[in-house]
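The next block holds one structure in the form of structure tokens; read it before the comments.
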Amino acid sequence: MLAYTMRRLLLLVPVLIGMTIVTFSIIHLIPGNPAQTILGEQASPQAIADLEERLGLNEPYWVQYGLYMKDLATGDLGTSLRTNKPIMDEIWPYLAATIELTVFAMIFAIIIGVNAGIVSAWKQNSWFDYLSMLIALVGVSMPIFWLALMEQWIFAQELGWLPAFGRDNPRDPIISTTNLYVLDTIMSGQFDKTWESIKHLILPGIALGTIPMAIIARMTRSSMLEVLRSDYIRTVNAKGSGQGVVIYKHALKNAAIPVLTVVGLQTGNLLGGAILTETIFSWPGIGRYIFEAINYRDYPVIQSGILIVATIFVMINLFVDLLYSYIDPRIKY
Amino acid sequence: MKHRLSFLMMLMLAFVLFLAACSSDDTAAPAEQSEGAEESEEVEGTEQAEPAGDQTLVFARGGDSVSLDYASVTDGESSRVTKQIYETLIEFDRDSFELGPGLAHDWDVDDSGLRFVFHLEEGVTFHDGTDFNAEAVKLNFERWADPEHEYAFTDDGYNYSVYGTQFGGFKGDDGHVIEEINVLGDHEIEFVLNQPLGSFLQNMGMSYFAITSPQAFEEHGSAINENPVGTGPFKFVSWSRDDSIILEKNEDYWKEGLPKLDRVIFQVIPDNSARLTALRSGQIDIMDGLNPDDVAQIEGDDSLQVFERTTNNIGYLGFHVEKEPFDNPDVRRAFNHAIDKEGLIAILYGGLAETAKNTIPPGYLGYNDAIDEYSYDPELAKELLAEAGVEEGFTFDLWTMPVARPYMPDPQRAAEAIQANLADVGITANILTKEWATYLEETEQGMHDVFMLGWSGVNGDPDYFFSNLLHGDAIPGGNRSFYSNEEVNDLLVQAKTEVDFDARAALYEEVQELIHEDAPMVPLVHSIPTLAGSSNVSNFIPHPSTSETLDEVELTN
Chain A
1 MLAYTMRRLL LLVPVLIGMT IVTFSIIHLI PGNPAQTILG EQASPQAIAD LEERLGLNEP
61 YWVQYGLYMK DLATGDLGTS LRTNKPIMDE IWPYLAATIE LTVFAMIFAI IIGVNAGIVS
121 AWKQNSWFDY LSMLIALVGV SMPIFWLALM EQWIFAQELG WLPAFGRDNP RDPIISTTNL
181 YVLDTIMSGQ FDKTWESIKH LILPGIALGT IPMAIIARMT RSSMLEVLRS DYIRTVNAKG
241 SGQGVVIYKH ALKNAAIPVL TVVGLQTGNL LGGAILTETI FSWPGIGRYI FEAINYRDYP
301 VIQSGILIVA TIFVMINLFV DLLYSYIDPR IKY
Chain B
1 MKHRLSFLMM LMLAFVLFLA ACSSDDTAAP AEQSEGAEES EEVEGTEQAE PAGDQTLVFA
61 RGGDSVSLDY ASVTDGESSR VTKQIYETLI EFDRDSFELG PGLAHDWDVD DSGLRFVFHL
121 EEGVTFHDGT DFNAEAVKLN FERWADPEHE YAFTDDGYNY SVYGTQFGGF KGDDGHVIEE
181 INVLGDHEIE FVLNQPLGSF LQNMGMSYFA ITSPQAFEEH GSAINENPVG TGPFKFVSWS
241 RDDSIILEKN EDYWKEGLPK LDRVIFQVIP DNSARLTALR SGQIDIMDGL NPDDVAQIEG
301 DDSLQVFERT TNNIGYLGFH VEKEPFDNPD VRRAFNHAID KEGLIAILYG GLAETAKNTI
361 PPGYLGYNDA IDEYSYDPEL AKELLAEAGV EEGFTFDLWT MPVARPYMPD PQRAAEAIQA
421 NLADVGITAN ILTKEWATYL EETEQGMHDV FMLGWSGVNG DPDYFFSNLL HGDAIPGGNR
481 SFYSNEEVND LLVQAKTEVD FDARAALYEE VQELIHEDAP MVPLVHSIPT LAGSSNVSNF
541 IPHPSTSETL DEVELTN
């Protein structure tokens with residue numbers, strides 16, 4: 001196990017280096033002078049020359065890449081052109097916002113998805129099965145921005161139940177130390193504000209969780225169907241155990257591996273791919289951070305943002321792989 | 001494994017119970033362990049966010065400020081906020097660039113136009129309690145002029161490009177006009193120039209040249225961009241990036257009875273339709289960046305209102321005047337007659353634009369309203385083309401911007417409309433698009449025939465438009481038409497150094513006549529940006545610079 005973990009960690013190195021090459025290339029793949037692109041039509045030639053100097057664009061590519069790698073190795077992700085601050089220092093609040101939203105979305109997706117999948121498999125070909133699989137199909141194909149706008153229209157504008165944007169009420173903001181608002185407000189005992197931040201999580205969480213929910217439901221169903229047909233389940237049934245015990249205790253465990261893979265992949269996806277949801281709901285997360293950087297042509301942030309998201313994605317996959325052997329002791333590395 | 005799972009379950013259970021305990025109405029029923037969390041979605045009837053105080057205004061906008069050190073950045077989202085915190089020696093009128101008193105209640109200019117004396121308001125204090133005086137003004141100007149200044153923070157990436165543009169460079173540069181700054185008394189300061197600068201007073205009103213507390217530089221150093229301390233009607237409270245900036249009332253504000261609001265919150269909501277939803281649901285009070293298509297809908301709603309900002313830009317079609325057949329003024333005039341600007345405005349701007357006949361927006365100093373606009377007249381255009389000897393028509397490349405700009409919300413569709421107009425007079429336009437940077441570089445180098453672009457004003461001074469767009473010295477550079485008329489060049493230089501307003505205005509009027517005659521561009525439109533607000537917002541007057549003070553704004557219920 002330890003040897004396997006070490007081997008997997010070592011294998012990460014070439015992957016990460018590959019990623020740095022891709023992120024490094026971004027700035028050079030865009031046609032034209034990046035400094036001109038950043039500064040726009042009203043920039044003076046002097047300003048453009050200054051920025052070129054600052055970005056080190058006058059050096060040969062390989063020197064620039066070398067400097068980039070050297071900085072990365074020392075934990076320096078560069079400086080944001082927009083805010084002039086080290087990216088390392090300013091990225092946490094964004095990351096925390098995304099983590100909170102992802103966790104909420106995945107809780108929603110897993111609870112609904114897994115249970116819907118289980119019941120569909122258990123009552124295969126029932127109306128519930130057809131209905132939930134239809135919903136899952138719609139859920140997978142639904143454009144997120146459309147769902148998000150509909151949610152806002154119905155629940156914020158028409159019904160006025162839930163807020164349409166942000167992480168807290170701007171008129172009564174949450175002062176947070178960890179930037180994980182739910183956790184923070186619970187720790188400090190401000191439960192009314194915990195409730196406030198959960199209310200803000202609901203709409204974006206559902207928008208974000210819908211696709212993973214649908215995928216999880218479908219995966220759970222097919223995986224359960226397979227397990228429910230196996231011999232040992234027939235044995236358990238013959239023993240006279242209650243349906244609940246059969247399903248949740250005996251069947252689910254064996255059906256969990258493919259579901260876990262999907263959960264891992266989707267979590268990784270959400271952590272990096274929530275740009276649409278975060279933009280529509282003004283959620284100041286990592287997706288927004290990169291989106292704003294794209295608007296502002298803040299290349300260092302685009303590069304580092306993508307690198308961080310990609311790293312998280314790779315790490316989550318590694319973590320899921322390692323988790324397999326926990327869930328199913330038969331899997332040995 | 002088992003332990004972990006049950007621990008997780010317990011956590012979840014605790015969470016659900018906690019939720020149930022928090023929600024005032026008991027719709028969150030006790031739930032089974034694993035299915036519990038979804039209950040939180042079903043809680044209904046949670047009340048809308050109530051305003052914390054009566055006079056808290058939430059202003060929603062598409063993007064966040066870059067920095068709250070106004071002089072080191074150029075984006076409108078920064079100055080929109082700093083305008084509330086900081087003040088300038090001269091203030092513009094509420095809806096125009098007319099000059100009025102600010103931190104200086106009065107000023108004198110001597111006849112040479114080289115010596116300006118400002119008489120400062122007395123009894124004004126910065127938010128940190130220190131006095132506002134002539135020394136503070138001097139220190140701020142020296143900070144921008146001198147890259148070596150202890151508060152210039154050059155090593156931290158600060159640069160004051162607007163100062164360089166407006167005052168001809170920095171300390172030691174040949175073109176730098178501010179020779180010296182003398183403190184004549186606690187509340188009297190003198191600026192001595194080495195050459196006259198027609199736009200000097202206009203510059204003093206720009207939000208880029210506001211006054212920061214000297215003590216704040218000492219205290220915060222290069223973190224001044226996140227700890228602004230000025231004399232303005234609102235004090236800085238907090239800033240959470242890409243989310244919100246909170247300001248509160250300056251109780252000691254020197255203008256009696258102002259500001260009327262207790263708090264101002266600048267909230268970022270990037271998506272235009274989400275912002276409108278937030279306005280309709282009452283979570284915000286004013287929103288910037290209204291889609292032209294939504295205006296009619298809001299005008300029909302009693303609980304909302306539309307605010308129009310005075311126009312401050314130009315969208316134009318430029319010719320390369322040295323290339324055939326555009327070297328012939330008749331061809332250029334024919335283009336002016338061939339393009340239906342009204343149609344363009346109806347299709348692309350939802351009516352929220354004015355047709356342009358001059359390079360500068362109406363309302364500017366020296367705007368020549370006597371110019372007889374080229375009418376939309378395809379027949380006349382054909383005659384002019386015939387006179388130029390190209391009656392059988394020709395083909396050219398129409399360079400189209402790849403990005404939307406305030407003056408050109410949808411360049412591609414605009415190009416198609418222009419293409420259709422030109423086809424009516426027998427000219428074939430090939431629409432050609434390049435990447436933004438490439439587009440800017442190659443038009444600067446003159447690789448185009450005809451191109452689309454625009455320009456936005458900053459200080460309401462005509463020189464910023466003319467010198468950058470149509471002066472011979474701006475080739476290569478902003479003058480992408482390669483238009484250089486000696487007479488125009490001379491007049492512009494003369495106007496730039498003239499300090500008498502009327503004399504300057506006359507010079508610019510003359511310039512516009514010459515430009516109109518030469519037609520180096522087709523001035524298309526001056527677009528009118530719009531905002532929307534709830535109907536209980538009163539005294540909100542949008543300023544053409546995009547930064548308006550909110551000191552008189554109040555909420556009525």
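Here the protein sequences line up with chains A and B, keeping their order.
Letter 35 of the first sequence, counting from 1, is numbered 35 in full-length UniProt numbering, and no numbers are missing.
Letter 519 of the second sequence, counting from 1, is numbered 519 in full-length UniProt numbering, and no numbers are missing.
Ideal placement from N, C-alpha and C gives every residue a C-beta, glycine not left out.
- 9 Å or more divides the Cβ of residue 106 (chain A) from the Cβ of residue 217 (chain A).
- For residue 119 (chain B), the beta-bridge partners assigned by DSSP are B:106 and B:188.
- With a cutoff of 9 Å on beta-carbon distance, residue 316 (chain A) and residue 267 (chain A) are scored as near each other.
- Across the set B:93, B:314, B:273 and B:410, the C-alpha of B:273 shows the shortest separation from the C-alpha of residue 297 (chain B).
- Look at the segment 283 to 306 of chain A: the residues with a C-beta under 8 Å from a C-beta of chain B are 284, 288, 289, 291, 292, 295 and 296.
- DSSP places residue 494 (chain B) inside the alpha helix (DSSP H), whose first and last residues are 486 to 497.
- At a cut-off of 9 Å between C-beta atoms, residue 440 (chain B) counts as an interface residue with respect to chain A.
- For the pair residue 482 (chain B) and residue 457 (chain B), the CB atoms are not nearer than the 9 Å cut-off.
- At least 9 Å separates the CB of residue 98 (chain B) from every CB of chain A.
- Shown here, residue 249 (chain B) sits in a strand according to DSSP, grouped into three states.
- Between the segment 398 to 408 of chain B and the segment 420 to 438 of chain B, the count of C-beta pairs closer than 8 Å reaches three or more; the two stretches touch.
- The distance from the Cβ of residue 402 (chain B) to that of residue 439 (chain B) is about 6 Å, consistent with a contact at the 8 Å cut-off.
- Taking CB atoms only, residue 89 (chain A) has no neighbour in chain B less than 9 Å away.
- For residue 73 (chain B), the three-state secondary structure derived from DSSP is coil.
- Boundaries of the alpha helix (DSSP H) harbouring residue 442 (chain B): 436 to 444, taken from the DSSP string.
- The three-state reading of DSSP puts residue 358 (chain B) in coil, since its state is none of H, G, I, E or B.
- Taking 8 Å as the upper bound for CB-CB distance, residue 497 (chain B) and residue 197 (chain B) are in contact here, some 7 Å apart.
- Of all alpha-carbon atoms in B:140, B:517 and B:237, the one lying nearest the alpha-carbon of residue 214 (chain B) is that of B:140.
- Under the Cβ criterion of 9 Å, residue 120 (chain A) is not counted among the residues facing chain B.
- Taking 8 Å as the Cβ-Cβ cut-off, the segment 250 to 280 of chain A approaches chain B at 279 and 280, given in chain order.
- At a cut-off of 9 Å between beta-carbon atoms, residue 164 (chain A) makes contact with chain B.
- Counted as a single uninterrupted DSSP element, the stretch harbouring residue 517 (chain B) is not any beta strand (DSSP E) but the alpha helix (DSSP H) occupying residues 501 to 518.
- Between residue 43 (chain A) and residue 57 (chain A), the C-beta spacing is not below 9 Å.
- Not flagged as an interface residue toward chain A: residue 144 (chain B), since no C-beta distance is shorter than 9 Å.
- At a cut-off of 9 Å between beta carbons, residue 55 (chain B) makes no contact with chain A.
- For residue 217 (chain B), there is no enclosing beta strand (DSSP E); the residue is part of the alpha helix (DSSP H) that begins and ends at 214 to 220.
- When DSSP states are grouped into helix, strand and coil, residue 206 (chain B) belongs to the coil group.
- Contact between residue 116 (chain B) and residue 200 (chain B) holds, since their C-beta atoms are separated by about 7 Å, short of 8 Å.
- Contact fails between the segment 514 to 527 of chain B and the segment 541 to 553 of chain B, because fewer than three Cβ pairs, one in each stretch, are under 8 Å apart.
- For residue 134 (chain A), no chain B residue has a C-beta closer than 8 Å to its own C-beta; the minimum C-beta separation is roughly 20 Å.
- DSSP links residue 286 (chain B) through a beta bridge to B:59 and B:533.
- Ranking A:165, A:171, A:163 and A:201 by CA distance to the CA of residue 181 (chain A) puts A:201 first.
- For residue 313 (chain B), the pairing in a beta bridge is given by DSSP as B:456.
- Going by DSSP, residue 40 (chain A) is part of no alpha helix (DSSP H) at all; its letter is neither H nor E.
- Ranked by Cα distance from residue 59 (chain A), the options A:82, A:80, A:28 and A:79 are led by A:28.
- Counting along the chain, residue 64 (chain A) sits inside the alpha helix (DSSP H) bounded by residues 61 to 73.
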